[in-house]
Amino acid sequence: MDMAEESKDKFHHSARVLAMLGQDLNCLPHPITESRMPENLQQSDKLESDAVVKNKKKRAATDHIARIALADLAKYFDLPIAEASRNLKVGLTVLKRKCRELGIPRWPHRKIKSLDTLIRNLQEEATRQERENKAAAAMAVTKRQKMLEREKEGIESKPFMEIQNETKRFRQDVFKRRHRARVVNKRC
């Protein structure tokens, strides 16, 4: 018995108890039929059953799932997989199965998010270098930024692609610099 039926039974039981309290205790008890139930209880019972039917989740149509292409998935690579499955109106398991069909071993959200963060950090660094009139440094930062943007586009078009080793080293250097700066700030 599922939860909706259980709550429905409890509701009917409480309605019967309330109706029995109104009976004369000197007479034999009569079972309460639906026709003798108060009208508002009958209506609420009907509303409950309608709500159970409306809340039942529907499966995504097979043809809808079959029509999902890599281009459709690419629109949602910047979102976590659970949110992407909601937006595509399919279940998480169905989306993972579709990804495996298309050759995507892992959802690329974290790779893309990491590259976005690096690109944003480089943009901030480029503006800082320009303010300090260091044209050569600003050009190097801009060059690195363009490289990261190309890599991001590559991952969006081929999500099974790994992040390049050079990018991984750069990301690690950024993390180390940020950590060292935090440690220095704590000591002061």
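Going left to right, the sequence shown walks through residues 1 to 188 as the UniProt record's numbering numbers them. Every residue gets a Cβ at the ideal spot worked out from N, C-alpha and C, and that includes glycine.
| Item | Value |
| --- | --- |
| Span of the alpha helix (DSSP H), counted from its first residue to its last, around Q164 | Where Q164 is concerned, there is no enclosing alpha helix (DSSP H), given that its DSSP letter is neither H nor E. |
| Rounded Cβ spacing between L148 and L115 (contact assumed at less than 8 Å) | 6 Å |
| CB contact flag (I112, E156, <8 Å) | yes |
| Alpha carbon of H64 to alpha carbon of A137, nearest angstrom | 50 Å |
| Other residues of its chain near N121: CB distance less than 8 Å, five sequence neighbours each side excluded | V174 |
| Alpha helix (DSSP H) runs wholly inside the segment 73–147, at least 4 long, in chain order | 81–88, 92–101, 109–131 |
| Inter-residue Cα distance where the pair is A66 and T117 | 34 Å |
| Three-state class that DSSP yields for A69 in the structure shown | coil |
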